[in-house]
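In the working numbering, the protein residues as written are 4 to 487.
For every residue, glycine included, the Cβ atom is placed at its ideal position computed from N, Cα and C.
Input: a single structure, listed below in C-alpha cells.
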Amino acid sequence: MSLGVVSKQIEHAAYTAQSENMQYISTRGQVTPVRFSDAVMTGLAADGGLLVPEQIPDVRAKLADWSSLSYHELAFEILQMYTDLPDEDLKGLISRSYAVFRHPEVTPTVKVDGLYILELFHGPTLAFKDVALQFLGNVFEYLLDKSGSNVNILTATSGDTGSAAIHGALGRRGIRVFVLYPRGRVSPVQELQMTSVLDDNIHNLAIDGDFDDCQSIVKTLFGDPNLKRSYRLGAMNSINWARVLAQIVYYFYAALQVMRRDESASVSFSVPSGNFGNIFAGFVAWQMGLPIRQLILATNENDILARFFNMGDYTADAVRPTLSPSMDIQVASNFERYLYYRVGGDTDRLRGLMGHFANTGSIRAAALPVDALRDPFQAGTADTDATLRTIQYIRNEFDYLLDPHSAVGVYVGMHQVLTEVPLVCLATAHPSKFGDAIKQATGDDLARHELIDQLAGRPTRNTELPADADAVRSYVCDHALDAD
Ligand SMILES: *Cc1c(COP(=O)(O)O)cnc(C)c1O
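Okay, here's the thing in C-alpha cells:
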C-alpha cells in the first residue's frame with residue numbers, strides 16, 4: 004500500500020468521524036439528538052420543534068480552495084460535513100440530483116447591468132425548490148432502500164413546493180406524496196404542474212382555504228401520534244433540514260464566483276421570501292463564515308417577516324393573494340429556526356416564545372435578547388405596482404425577464420437597501436410559470452418555456468377537500484402506504 008493510499012484512508016477516517024458526530028437537535032430541546040438520516044426521515048420533531056445541527060462548522064479557512072470547485076464538488080464538500088452518508092454514496096446522490104438540471108452550472112449567476120442574478124430555476128419544475136427537492140427525493144429513496152420501508156409525504160404548498168416535491172418523488176420506490184394546496188390560489192400553471200401528474204403515488208388535495216390553513220392541517224396530522232404510528236409520515240417542505248442544507252450550496256457557489264469576478268471581499272444577497280426557508284440557508288452560510296454583508300429579506304404585501312425585521316413585530320395577519328403566490332404566507336415555518344439562534348440556542352426560552360405565539364399570534368423583538376449575533380438581515384416590501392414596474396424596467400432596459408417573485412427581490416435589493424458590495428438577487432422561478440403577471444407588466448406574452456407549453460390540455464387529477472384536519476386525515480388513511 005503506498006503512502007498516498009494510507010494518508011487518503013486516514014483523511015477518510017477523519018471525515019467519517021466528523022460526519023458521524025454531526026447530530027441534530029430540536030429547537031424546542033425535548034427530543035434525543037439524531038443523525039442526518041433520521042433527521043431527514045423525521046421532518047417535524049416530536050416536541051413540535053424543528054431540527055437544527057448541534058453545531059455549525061466554520062469553513063473560513065477553506066473558502067480560497069472552494070472558489071475553484073464545480074457546483075457538484077462544492078455541494079459534496081458542504082453536504083459531507085452535515086450528513087452521515089458514505090462519501091461515494093453522497094457523491095452519487097449529488098450527481099443524480101443535479102444531472103436533471105438544464106444548465107451545466109446548475110445555478111448560474113448572470114450579470115444584468117450592475118446586478119447579479121442567481122438563476123435558481125433550471126430544474127424540472129422551473130423553481131428554486133428543485134435544487135433541494137431533487138436531492139431530497141434521491142435521499143429518501145436511498146434511505147428507504149436501505150431500510151426496506153416506505154414513507155408517506157405530507158406537504159402543504161403555496162404553489163411551487165408541490166410540483167417540485169412531486170417531481171422529486173416521481174418514480175421513486177417507497178414514496179407516496181400527498182400535496183395540500185389552497186384551491187384557486189395557486190397559478191393555473193402551478194396547478195397543472197401538479198395535477199397533470201397521474202402517477203398512483205401522487206395525491207393532489209385542493210383545500211378550501213389559504214396556504215396557512217394547509218400548513219396548519221399538515222402540522223396537526225404530524226402531531227397525531229396514532230397516524231404517526233400506523234404510517235411513516237415524512238416532510239418535503241422546508242421544515243425538512245435536507246432542504247435547507249441543499250440550498251446552502253448555491254449561496255457559497257454564487258458568492259465565491261462573484262467575489263472573484265469583482266475582486267470584492269464580500270457580497271450581499273436579496274432573497275424573495277415567504278416561508279423563510281431559502282433565506283435561512285443564506286443565514287447558515289453566513290454563520291459558516293461566508294462573507295455575506297447583507298442578507299436582504301424581500302416580501303410582497305404579506306410582509307410579516309419584513310415587519311419583524313423593521314419594526315420588531317411578528318404578528319400574523321390574513322393572507323393576501325398577490326402576483327407572487329409562492330410568497331403569500333404569513334406564518335413562516337422556518338422562522339422558528341432563526342429564533343432559536345436569536346435566543347442563543349436557549350430551547351426553554353424558545354419553547355416559551357412559541358407557546359406565546361400559539362396563544363397570541365404575535366412575537367415582539369423586544370422579548371428577544373439584543374441581537375448578539377449582529378446578524379446580517381435587512382428587510383423590505385414590494386407591492387404589486389412595484390413588482391410590475393420592476394419586471395417592466397428590467398425587461399426594457401436590460402432585456403432580461405424576471406418572474407414576479409424575483410422582481411420583488413430585485414426591487415427591494417435595488418431601492419430599499421443601500422449596499423456597497425456586489426448585490427446578488429436570487430431568481431427563484433422562471434417567468435413562464437407566471438405568464439399572466441408578465442403580460443400585465445409588459446403587455447406581451449413574452450414568457451414561454453417548452454416545459455410549460457407541453458402542459459396544455461393534459462388530463463388532470465385532484466381531490467377537493469374542506470380545510471379540515473379530520474377530512475384530510477381520513478383521506479390519507481385510506482390512501483397511505485404501510486410503513487413496512
Ligand atoms: C417558495 C418560493 C419562494 C419563497 O421561498 P421561501 O423559502 O418560502 O422563503 C419565493 N419564490 C418562489 C418562486 C418560490 O417558489
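Residues bridged to residue i (per DSSP)
i      : result
PHE158 : Note that residue 158 corresponds to Thr in the displayed sequence, not to Phe. Paired residue(s): VAL182.
GLY237 : ILE156
THR466 : LEU208
LEU54  : SER29
LEU449 : Its beta-bridge partners do not exist; DSSP assigns none.
ALA430 : GLU122
SER271 : LEU426
VAL37  : TYR27
Exposure label - residue i; buried when at least 16 CB within 10 Å
i      : result
SER29  : buried
ASP473 : exposed
GLY412 : buried
ASN240 : buried
HIS418 : exposed
LYS11  : Caution applies to LYS11, whose pLDDT of 41 falls short of 50 and renders its modelled position unreliable; the value that the coordinates give is listed next. When all chains shown are included, LYS11 counts as exposed.
ASP485 : exposed
GLN250 : buried
VAL511 : A query on residue 511 cannot be resolved here, the shown segment of the chain reaching from 4 to 487 and no further.
HIS106 : exposed
SER409 : buried
GLY416 : buried
SER480 : According to the sequence shown, residue 480 is Cys rather than Ser. Exposed, since its Cβ has fewer than 16 Cβ neighbours within 10 Å.
SER71  : exposed
THR35  : exposed
ALA102 : exposed
SER477 : exposed
MET314 : exposed
SER161 : buried
ALA430 : buried
THR466 : exposed
LEU201 : exposed
SER329 : buried
LYS132 : buried
GLN3   : What is shown of the chain runs 4 to 487, which leaves residue 3 out entirely.
GLN58  : exposed
LEU421 : exposed
VAL373 : exposed
PRO127 : buried
THR363 : exposed
Closer than 6 angstroms: residue i CB and nearest ligand 1 heavy atom
i      : result
SER273 : no
HIS359 : no
THR431 : yes
MET330 : yes
ALA130 : yes
HIS452 : no
GLY277 : yes
ASP163 : yes
HIS125 : no
ASN281 : yes
HIS408 : yes
Contact test: residue i Cβ vs ligand 2 heavy atom, cutoff 6 angstroms
i     : result
VAL34 : With respect to ligand 2, the structure shown offers nothing to examine, as its ligands consist of ligand 1.
Neighbour flag for residue i against chain D, beta carbons, 7 angstroms
i      : result
ASP216 : Checking the listed chains, one finds no chain D in this structure; it contains a single protein chain.
Which runs of the alpha helix (DSSP H) spanning at least 4 residues fall entirely within the region 364 to 428, listed in chain order?
Counting only runs of at least 4 residues, the region 364 to 428 fully encloses the following alpha helix (DSSP H) elements, listed from N- to C-terminal order: 387 to 401, 407 to 418.
Those runs of the beta strand (DSSP E) which lie wholly inside the region 76 to 144 and span at least 3 residues:
Runs of beta strand (DSSP E) with 3 or more residues, each lying fully within the region 76 to 144, are found at 112 to 115, 118 to 122, listed in chain order.
Unbroken stretches of the beta strand (DSSP E), 3 residues or longer, contained in the region 279 to 317
Segments of the beta strand (DSSP E) lying fully in the region 279 to 317: 295 to 302.
Which ranges would you report for the beta strand (DSSP E) in the region 326 to 358 if only whole runs of at least 3 residues count?
Counting only unbroken stretches of 3 or more residues, no beta strand (DSSP E) element lies wholly within the region 326 to 358.
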